[in-house]
Amino acid sequence: MGLNGLIRNWRRLSLVLACLAPLALLAQIPDKTDRFVNDFAGVLGVSNVAELEHRLQMFSDTTTNQIVVVTVSDLQGYDPADYAQRLGQQWGVGHEKYDNGVIILLKPRNDNGRGRVFIATGYGVEGVLTDVRAGNIIDTKMMPHLAEGDYYAAVVAAVDEIEPLLLGEYHESWETPADTQDNSGWLLVFFVLLMAFVWIGLKKPSAKTKALNAISEAESPEDRDSAVESAQQINISQTKIDRALAKIPGRLKAKMRESSSRLRFETLASAAAMMGVSADEIAALRTQMASITLNNLKGCRSRFSLSKLAETAREFGNSEHDIEMAVLAALAAIAIAERMVRSSYRGSRFNGGSSGGTWHSGFGGGSFGGGGAGRSF
Amino acid sequence: MKRLFFGLAVLLGMSLMLSSCDYNELVEEQEEVEAAWAEVQNQYQRRMDLIPNLVNTVKGYAEHEQNTLNMVTSARAKVGNMNLSVEDLDEETMAKFQKAQEELSQGIGRLLAVAEAYPDLKANQNFLQLQDQLEGTENRIAVARRNFNDAAREYNAEIRKFPTLIYAGWFGFKKKPYFESQSGAEYAPEVKF
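Residue numbers (the numbering used here), protein chains in the order written: chain A, -18 to 358; chain B, 41 to 233.
Now the structure itself:
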């Protein structure tokens, strides 16, 4: 092609290069690892790396603060701040909820140019590790070692400074992730139920239905007779009235079971005796009521209704001891439920690391907003 | 009869749910654009708040640079008058906003360049801290702008998709403008010492 050809094709070539450049640039951030010390440039020393790795892993496990050290021999044209921010964000360093990650990025002095160092802070630590403080740590703690080419000592000096700062802010422990449930299914069910209720509510019961309901809900013979009479006045057929009448004993028994006081129960019982419920059935219900009310008390999940339910249980002849035990059981269940609500609230936003499927390996999903400071050396 | 009505209610509910999904997604993406824009404003505000301190510090050492100082102060005033809500964002207002901020960036750049000539100023502790803060703020602005562009890109793609496209207009979902990278502004302007 020769020089002339090259010059002729320069426009096209530069166009191709211009298109490729951003692609090449974006591809260069190293893939996420699950290590805290990533000595890609090979300047820290193998045994040193293992020691620092252990230290940073422990720090993460016990406090959720994640400090990640990355050395690269070439920044591939990135500004160090940009490189560190992208790396922190892509790797998700720090707890997702606290964004408490820190990246110490080091590019040693080499054939690719001057040495660069940058401390990038996650959103959550910008307050304790301000840009000024980060710059100060580099100036006073790292620079003396960097000037001598002792990169490991520089990194350790920075970690020594940063750890206590982060500890002052976050010292939580990783929590096992709460089951993240997909709520959309429930939403659908809720919606459909709502529609059904609205529809039922909107539908006005006809006068006939009302009259028939009045018969089957009657709680005394007088009520019943007057309801039947008004039903006959609006020409309801005798078979329908008979069917409503047949429902009365069943409804009365249900109401007796649900009655919330002894007085209400006895009122219903005397009405039931006059309206076709046999004396045996009433006696059986009366003996059952003690255990029914006791069970209601045990199953109570609201502190507010406890005393009312205990009173009812007392009226139906339960012993004080049984009532006390039932109240204690209910209180314990309420306490457990409350604790579950609290802990699921606490853990709800944590996704866990994506690598390996366990929550403590890898990084927690923290975000970086460009905070931090850097120097050349 | 009752069953039929119930079935109809279920069907109606489900179809409403399905068609509202797209709409909800759109709203969510709009919210994201709004949040990203708020962050952009936030970071630019942070930079603005640093400027009086910077100007005062430089003034103490470099009184002869009145021109540069005035330029920064007036650029700051101009930016301060622009408070853009996300609804007002279109190509035109965005260009204006960017131009004003760009002027301020240039002013700050010049002010920092001026400092090179004053060794006392360069060694001043307060000035050193301001440099770190300014640099950090520029980095944050770059990230916030990138995040805004990403959110706007996703949102803009969504409102052009079928069937969203049909009703996006009815509900006033408008295309959002992007930050254009000027003179390699994708990367934070480097503050050199």
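C-beta atoms are modelled at their ideal positions from N, C-alpha and C, and glycine is treated no differently.
Distance, residue j Cα to residue i Cα
{"i": "Tyr218 (chain B)", "j": "Leu68 (chain A)", "result": "24 angstroms"}
{"i": "Glu132 (chain B)", "j": "Glu72 (chain B)", "result": "22 angstroms"}
{"i": "Gln106 (chain B)", "j": "Val112 (chain B)", "result": "10 angstroms"}
{"i": "Arg284 (chain A)", "j": "Ile315 (chain A)", "result": "8 angstroms"}
{"i": "Ala134 (chain A)", "j": "Glu32 (chain A)", "result": "13 angstroms"}
{"i": "Glu142 (chain B)", "j": "Ala76 (chain B)", "result": "19 angstroms"}
{"i": "Phe344 (chain A)", "j": "Asp15 (chain A)", "result": "7 angstroms"}
{"i": "Leu109 (chain B)", "j": "Gln146 (chain B)", "result": "12 angstroms"}
{"i": "Glu65 (chain B)", "j": "Asp130 (chain B)", "result": "22 angstroms"}
{"i": "Thr157 (chain A)", "j": "Cys281 (chain A)", "result": "Confidence at Thr157 (chain A) is low in this model, with a pLDDT of 49, below 50, so its placement is unreliable and no value can be given for it."}
{"i": "Ala157 (chain B)", "j": "Leu144 (chain B)", "result": "21 angstroms"}
{"i": "Pro203 (chain B)", "j": "Ile181 (chain A)", "result": "34 angstroms"}
{"i": "Gly130 (chain A)", "j": "Phe167 (chain B)", "result": "28 angstroms"}
{"i": "Lys185 (chain A)", "j": "Leu193 (chain A)", "result": "14 angstroms"}
{"i": "Phe137 (chain B)", "j": "Tyr79 (chain A)", "result": "33 angstroms"}
{"i": "Ala250 (chain A)", "j": "Phe45 (chain B)", "result": "39 angstroms"}
{"i": "Asp141 (chain A)", "j": "Val27 (chain A)", "result": "20 angstroms"}
{"i": "Val209 (chain A)", "j": "Arg243 (chain A)", "result": "29 angstroms"}
{"i": "Ser348 (chain A)", "j": "Arg186 (chain B)", "result": "14 angstroms"}
{"i": "Ala307 (chain A)", "j": "Lys279 (chain A)", "result": "5 angstroms"}
{"i": "Val50 (chain B)", "j": "Val51 (chain A)", "result": "56 angstroms"}
{"i": "Glu103 (chain B)", "j": "Arg87 (chain B)", "result": "23 angstroms"}
{"i": "Ile99 (chain B)", "j": "Gln171 (chain B)", "result": "It should be noted that the sequence gives Lys, not Ile, for residue 99 (chain B). Each residue's alpha carbon lies about 15 angstroms from the other."}
{"i": "Leu169 (chain A)", "j": "Val67 (chain B)", "result": "20 angstroms"}
{"i": "Glu296 (chain A)", "j": "Ile273 (chain A)", "result": "12 angstroms"}
{"i": "Arg116 (chain B)", "j": "Ile91 (chain B)", "result": "8 angstroms"}
{"i": "Phe246 (chain A)", "j": "Asp206 (chain A)", "result": "22 angstroms"}
{"i": "Leu287 (chain A)", "j": "Leu275 (chain A)", "result": "11 angstroms"}
{"i": "Pro159 (chain B)", "j": "Thr97 (chain B)", "result": "13 angstroms"}
{"i": "Asp112 (chain A)", "j": "Met124 (chain A)", "result": "16 angstroms"}
{"i": "Pro61 (chain A)", "j": "Leu174 (chain B)", "result": "16 angstroms"}
{"i": "Ser187 (chain A)", "j": "Thr220 (chain A)", "result": "18 angstroms"}
{"i": "Thr293 (chain A)", "j": "Ser201 (chain A)", "result": "23 angstroms"}
{"i": "Gly108 (chain A)", "j": "Gly82 (chain A)", "result": "12 angstroms"}
{"i": "Arg200 (chain B)", "j": "Glu127 (chain B)", "result": "18 angstroms"}
Beta-carbon neighbours of residue i, restricted to chain A and to distances below 7 angstroms
{"i": "Phe46 (chain B)", "result": "Ala177"}
{"i": "Asp172 (chain B)", "result": "Asp112, Val113, Gly116, Ala354"}
{"i": "Val50 (chain B)", "result": "Val173"}
{"i": "Gln169 (chain B)", "result": "Val113"}
Residue i: first and last residue of the uninterrupted alpha helix (DSSP H) it sits in
{"i": "Gln213 (chain A)", "result": "202 to 214"}
{"i": "Asn117 (chain A)", "result": "112 to 118"}
{"i": "Ile48 (chain A)", "result": "Where Ile48 (chain A) is concerned, there is no enclosing alpha helix (DSSP H), although the beta strand (DSSP E) it sits in stretches over 47 to 52."}
{"i": "Val18 (chain A)", "result": "No alpha helix (DSSP H) contains Val18 (chain A), which is instead part of the beta strand (DSSP E) from 18 to 20."}
{"i": "Ser145 (chain B)", "result": "131 to 155"}
{"i": "Phe246 (chain A)", "result": "243 to 255"}
{"i": "Asn166 (chain B)", "result": "165 to 199"}
{"i": "His35 (chain A)", "result": "27 to 44"}
{"i": "His126 (chain A)", "result": "124 to 128"}
{"i": "Arg267 (chain A)", "result": "260 to 279"}
{"i": "Gly231 (chain A)", "result": "219 to 239"}
{"i": "Val136 (chain A)", "result": "132 to 150"}
{"i": "Trp242 (chain B)", "result": "Here chain B comprises residues numbered 41 to 233, so residue 242 (chain B) is not present and cannot be evaluated."}
{"i": "Asp63 (chain A)", "result": "61 to 72"}
{"i": "Glu296 (chain A)", "result": "287 to 296"}
{"i": "Ser197 (chain A)", "result": "188 to 197"}
Listed by chain order, chain D residues near residue i by CB distance under 9 angstroms
{"i": "Ala182 (chain B)", "result": "The chain inventory of the structure shown lacks chain D, comprising the protein chains A and B."}
Contacts of residue i in chain A (Cβ-Cβ under 9 angstroms)
{"i": "Gly149 (chain B)", "result": "The contacting residues do not exist; Gly149 (chain B) stays about 15 angstroms from chain A at best."}
{"i": "Glu68 (chain B)", "result": "Those do not exist, as Glu68 (chain B) stays about 14 angstroms from chain A at its closest Cβ, beyond 9 angstroms."}
Chain-ordered chain B contacts of residue i [CB-CB under 8 angstroms]
{"i": "Asp80 (chain A)", "result": "Near Asp80 (chain A) there are no residues of chain B at all, since even the closest Cβ is about 13 angstroms away, more than 8 angstroms."}
Bounding residues of the beta strand (DSSP E) (the contiguous stretch that carries residue i)
{"i": "Ile85 (chain A)", "result": "82 to 88"}
{"i": "Phe349 (chain A)", "result": "349 to 357"}
{"i": "Thr102 (chain A)", "result": "97 to 103"}
Chain B residues whose Cβ lies nearer than 7 angstroms to that of residue i
{"i": "Trp180 (chain A)", "result": "Phe45, Ala49"}
Chain-ordered neighbours of residue i on chain A, where CB pairs are closer than 8 angstroms
{"i": "Gly212 (chain B)", "result": "Result: empty, since nearest Cβ-Cβ is about 26 angstroms, beyond 8 angstroms."}
{"i": "Glu72 (chain B)", "result": "Those do not exist, as Glu72 (chain B) stays about 14 angstroms from chain A at its closest Cβ, beyond 8 angstroms."}
Restricting to runs no shorter than 3 residues, where is the beta strand (DSSP E) found entirely within the segment 92 to 126 of chain B?
none
Would the segment 74 to 89 of chain A and the segment 99 to 117 of chain A be scored as touching if the rule is three or more Cβ pairs under 8 angstroms?
yes
Pair every Cβ in the segment 218 to 230 of chain A with every Cβ in the segment 245 to 265 of chain A, then say whether three or more of these pairs are closer than 8 angstroms.
The way I'd put it, the segment 218 to 230 of chain A does touch the segment 245 to 265 of chain A; three or more beta-carbon pairs between them come closer than 8 angstroms.
Could you tell me whether the segment 350 to 357 of chain A touches the segment 111 to 121 of chain A, where touching means 3 or more Cβ pairs closer than 8 angstroms?
Contact between the segment 350 to 357 of chain A and the segment 111 to 121 of chain A is present: three or more C-beta pairs spanning the two stretches fall below 8 angstroms.
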